[in-house]
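S.K.: I am attaching a structure below and will ask some questions about it afterwards.
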Amino acid sequence: MMQKIFEHNKFEAEICKQWEESGVFTPQIPSGKAPKRKPFTIILPLPNASDPMHIGHALFTVQDILVRYHRMLGEPTLWLPGSDHAGIETQYIFEKHLAKQGKSRFDYDRETLFKMIWEFVEENRKLNIEQMKRLGFSLDWTRYHYSLEPEIVSMVLDTFKKLHDDGLVYRGERIVNFCTHCGTAFSDLEVDYVERRDPLYYIKYGPFIIATTRTEDFAGNVAVAFHPGDKRYEGYLGQDIEITGVNGIFRVKVVSESKIDPEFGTGIEKVTPGHDVLDFEIAQRHGLPIKKVIGTDGRLTELAGKFAGMKVNEARNGVYRAMVEMKLIDHVDEEYTHRVAVCYRCGTTIEPMVMPQWFIKTKPLAKPAIEAVRKGKTRIVPKKRFEKMYFDWMDNIHDWNVSRQIVWGPRIPAWYKVDGNEQKIWVSFLDKGGRPKQGTIREHLENGSTLKEMDDGLQRIIVPVYQGTNSPEVHIGDGPPTAGNWIQETDTFDTWFLSGQWPVNTLRCRPGDLDYFYPTSVLDTLWDILFFWVGRMMMLGIYLTGKVPFEVAHMHARVVDAKGQKMSKSKGNVVDPIEMVDKYGADALRMTLVFGVAPASDIAVSEEKVRGMRNFANKLWNIGRYIEMVFEGVDSQVIPFSFPERPLLTERKFIGKVEKLTKEVTEAIEKYKFGIASERIYEFAWHELADKYIEETKGEARQKNLQTLQVLRHAYFRILKLLHPFMPFVTEALWMELKGLRKNPREQLTCAKWPLMVG
RNA sequence: GGGCGCAUAGCUCAGUUGGUAGAGUGUUUCAUUGACAUUGAAAAGGUCUCAGGUUCGAGUCCUGAUGCGCCCACCA
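If you read the first sequence in this note's numbering, its first letter stands for residue 1040, the second for the next number, and so on.
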């Protein structure tokens, strides 16, 4: 006898276990010469190992619907799970954790720090796996991968070597977005902009007046620039002008540059190539020297004279006061608002800095990635909205800075020759007594440290890029050359360099997988990482295999609260998926995320909606209970599960509706319109089957009219099948319950055949 | 500065190729030993943002306006 209410807690764990043990989520590759049916494959967008489960992860439901649907169509189906070490994110979280204990990353050598982070992440990573199972995701856990496992890392290093051998890797002193708090450079994508009001200083500058918000970087000024043809300044073009500044007299060159806006300020700007992106470009074009005034610690360097050692903001005020004293300030615009680059992680103002970094040339990689989408080898869905975004970004792509100055990630496999370059390589390390040491290798050696000691306590090295042949020899490969002394780069790879090759590398882990499952069928992800991830996967996937990584890139939307507000901890409107699963069941939460949702629009989630969907699961359960009741005493031999041959008119009409529903739902899923598909089933089950058909045929059912019962059961099982991809637990529970299959998992609904074949 | 999206019931949103508006939730009334109160029956509630245009016919297509949101580039 069935319970009066569907108690999800009683069934979910058991059903989960049953699915897993029956191995139905692990596809079999057909062997021998058997005709190979095209498989359906999705690679899970790997969650950050350090992230606690949040509602965004529950959106993987969309993938599970696709996967379960295709599995029921009889296709070999693979949904491959994984976790991402998420370099900067994770190290950032860990450093906050360290700070609570009064420690910082500088207290540890890199190896120790790496191990500590590893331990720190493990618990959460394992918890994530359990939580994803609870949502009913039909992932093949036998193929689970972690981005830092040795096999994956070794493939990533090989890719870098290959890129290097193909001439697509270079090291350059380039201006990068540097966060002095996080201590690392960021790619352009990882920079946010905030509106800020700062004083705009008009400074007397030799014969000119220049407008700037930054007074502190004066020691890095090497030129002034104006728009070509600006009559006010044309006469000065090419001259060396003497300037009196707070640190004395210096000279700057006068150049003209089309990117200078003649309308801004006085139409002439000071050029500081060491600390401004545009100025760096100007310097490259005009062969101007680059002076580094701000260090990686966010303090001014010795070039700043008496201001050396000050933090940027201190120095800005200090220099301003000095300028006032020297009557160098013409006037100050206090109302000036502009956009300032900040670290997307910690909000610290980004300092553009010139630093040695590893770059990947992206133009040759982007070209085939653009072609592939243009030719439809990869379709972006919804197309209209996102293809344009994709092309815009790909067409204007910059070279990719893959260096990160953090320890949490695979180290770039580059070794610098130490012998003969001792004075060029800067090293920070902890000596045997745990004391921090900084300086060139030569200085360390002179102070009695050995190379081994430096390596044991290594924190970071900096090897500048020298012009011509003066740069230390670099070796890229599996390890250092045997002859001589070499020291490995301490920069690690940008996380996206790993995740960009994830579909290829994970499928390489098992022989035959790459051939069979690649290109994968669908990539489903939040559209905000279209550039971070989708673009990189396209480039590296094609580069490594010659084929696109996925045939469809499906963009889903962001989850927001009931009022359409973005969820955030500070607003306190976060919906915890696991709490919802505990309270209302996984099916209810899954259904909430797709029911009535249009493609790529925001998804409003409220507890009320989850409750409503839980009520639907219960409704379904009670229809089953009703069926169990009316079938009591009826020999199931007498009523086969087949389609009735000659139904009565009411029944015939109803069966027609069932067929129509089947068609509509199938079409909607094929078009990624899960909102419509789920709504149709809901509407039909509740308002057609329960409210109308059952109510109207209660008399016949009581008299055990065989045709009525047969049609009733036919419609009901059809609904269970159609709904299974959306609400796997309650449908599976009912299927087992009504078919008496609780002891025979082989006939579970998960493996049942979809009722409509699609061509 | 360039581009995109949205505007429909109190709230959150659907509305697939143009044919007199739908769901969830909330509200009101009634029903109750009945498969299900996590229920059923019924009701109220919308000039589909505004102004033009195409059409026999526009929530749906076109143009413009207003409001909101987002993305890209970035101003020294």
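Positions of the beta carbon are idealized from the N, C-alpha and C atoms, including for glycine.
Bear in mind the structure is a predicted one, so any value in this text is a computation, not a measurement.
Taking the alpha helix (DSSP H) that Leu1239 belongs to, which residues open and close that run?
M.R.: Note, Leu1239: premise wrong, no alpha helix (DSSP H); beta strand (DSSP E) at Leu1239 to Tyr1244.
S.K.: My understanding is that Ala1408 touches Gly1574, with C-beta atoms under 8 Å, so please give their C-beta distance in whole angstroms.
M.R.: Confirmed, about 7 Å.
S.K.: Closest to Asp1336 by CA distance: which of Phe1145, Ile1044 and Thr1631 is it?
M.R.: The option with the nearest alpha carbon to Asp1336 is Phe1145.
S.K.: From Asp1318 to Gly1651, what does the alpha carbon distance come to, in whole angstroms?
M.R.: Their backbone Cα atoms lie some 58 Å apart in a straight line.
S.K.: Measuring straight from C-alpha to C-alpha, what distance separates Leu1659 and Asn1163?
M.R.: Distance between the alpha carbons of Leu1659 and Asn1163 is about 35 Å.
S.K.: Are Thr1251 and Asp1237 touching if we call contact CB-CB under 8 Å?
M.R.: Taking 8 Å as the Cβ cut-off, Thr1251 and Asp1237 do not qualify as a contacting pair.
S.K.: Determine the burial state of Val1704: buried for a count of at least 16 other Cβ atoms within 10 Å of its Cβ, exposed for fewer.
M.R.: Label assigned to Val1704: buried.
S.K.: With DSSP collapsed to three states, give me the class of Pro1520.
M.R.: Here Pro1520 sits in coil by DSSP.
S.K.: Between Ala1707 and the rest of its own chain, which residues show a CB-CB distance below 6 Å, the 5 nearest in sequence each way excluded?
M.R.: Contacts found: Ile1715 and Ala1716.
S.K.: Under a three-way DSSP split, which group does Arg1629 fall into?
M.R.: Looking at Arg1629 - three-state DSSP - the assignment turns out to be helix.
S.K.: Are the beta-carbon atoms of Met1493 and Val1513 separated by less than 8 Å?
M.R.: Cβ distance not < 8 Å, so Met1493 and Val1513 don't count as in contact.
S.K.: Do Ala1264 and Ile1321 have their C-beta atoms closer together than 8 Å?
M.R.: Yes, the Cβ-Cβ distance between Ala1264 and Ile1321 is below 8 Å.
S.K.: Whole angstroms are fine: how far does the CA of Asp1600 sit from the CA of Arg1271?
M.R.: Rounded to the nearest angstrom, the two C-alpha atoms are 56 Å apart.
S.K.: Rounded to whole angstroms, what is the Cα-Cα separation between Ala1354 and Asp1300?
M.R.: So the two alpha carbons sit approximately 27 Å from each other.
S.K.: For the ligand NAD, is there any heavy atom lying closer than 7 Å to the beta carbon of Glu1188?
M.R.: The model on display carries no ligand, and the ligand NAD is accordingly not part of it.
S.K.: Pull up the distance between the alpha-carbon of Gln1540 and that of Tyr1375, whole angstroms please.
M.R.: Gln1540 and Tyr1375: Cα-Cα distance of roughly 44 Å.
S.K.: With respect to the beta strand (DSSP E) encompassing Val1598, which residues constitute its N-terminal and C-terminal limits?
M.R.: Unbroken beta strand (DSSP E) run through Val1598: Val1598 to Asp1600.
S.K.: For a quick check, are the C-beta atoms of Phe1199 and Val1192 less than 8 Å apart?
M.R.: It is not a contact, given that the beta carbons lie outside the stated cut-off.
S.K.: Comparing C-alpha positions only, which one of Leu1469, Val1502 and Ile1501 sits nearest to Ser1488?
M.R.: Among Leu1469, Val1502 and Ile1501, the Cα nearest to that of Ser1488 belongs to Leu1469.
S.K.: Note the first and the last residue of the continuous beta strand (DSSP E) segment covering Arg1173.
M.R.: From DSSP, Arg1173 is part of no beta strand (DSSP E) but of the alpha helix (DSSP H) over Arg1149 to Arg1173.
S.K.: If you pair each beta-carbon of the stretch 1479-1487 with each one of the stretch 1555-1574, do three or more pairs fall below 8 Å?
M.R.: These segments do not touch.
S.K.: Between the stretch 1048-1068 and the stretch 1661-1676, do three or more beta carbon pairs fall short of 8 Å?
M.R.: Segments in contact, no.
S.K.: Applying the 10 Å Cβ sphere with the 16-neighbour rule, what's the burial state of Arg1443?
M.R.: Classification of Arg1443: buried, given that the 10 Å Cβ count is 16 or more.
S.K.: With 16 as the cutoff for other CB atoms within 10 Å, does Phe1303 come out buried or exposed?
M.R.: Exposed, by the Cβ-count rule.
S.K.: In the DSSP assignment, the beta strand (DSSP E) including Ala1707 goes from what residue to what residue?
M.R.: Taken as a continuous stretch (DSSP letters only), Ala1707 belongs to no beta strand (DSSP E), being part of the alpha helix (DSSP H) at Leu1688 to Glu1709.
S.K.: Distance, Cα to Cα, Phe1225 vs Gln1102?
M.R.: So the alpha carbons of these two residues sit roughly 31 Å apart.
S.K.: Quick one: grab the DSSP three-state call for Lys1743.
M.R.: Three-state result, Lys1743: coil.
S.K.: Would you kindly report the start and end of the unbroken beta strand (DSSP E) that includes Gly1284?
M.R.: Segment Asp1279 to Gly1284, the beta strand (DSSP E) holding Gly1284.
S.K.: Would DSSP call Ser1645 helix, strand or coil?
M.R.: In the structure shown, Ser1645 sits in coil (DSSP, three-state: anything other than H, G, I, E or B).
S.K.: Our contact map puts Phe1398 next to Val1441 with C-beta atoms below 8 Å; I'd like the distance itself, whole angstroms only.
M.R.: That pair is a contact at about 7 Å.
S.K.: Who are Lys1605's beta bridge partners in DSSP?
M.R.: The partner list for Lys1605 (beta bridge, DSSP) reads Val1599.
S.K.: Any idea which residues DSSP pairs Phe1247 with across the strands?
M.R.: Beta-bridge pairing links Phe1247 to Tyr1244.
S.K.: Among residues of its own chain, excluding the 5 on either side of His1325, which ones have a beta-carbon nearer than 8 Å to its beta-carbon?
M.R.: These residues qualify, in order along the chain: Ala1262, Lys1292 and Val1294.
S.K.: Out of Leu1085, Val1633 and Pro1588, state which residue places its alpha-carbon closest to the alpha-carbon of Gly1415.
M.R.: It is Pro1588 whose Cα lies nearest to the Cα of Gly1415.
S.K.: Please report the distance separating the alpha-carbon of Arg1235 from that of His1377.
M.R.: Distance between the alpha carbons of Arg1235 and His1377: 6 Å.
S.K.: Relative to the C-alpha of Leu1105, which candidate in Phe1079, Ala1097, Pro1069 and Asp1621 has its C-alpha closest?
M.R.: That would be Phe1079, whose Cα lies nearest to the Cα of Leu1105.
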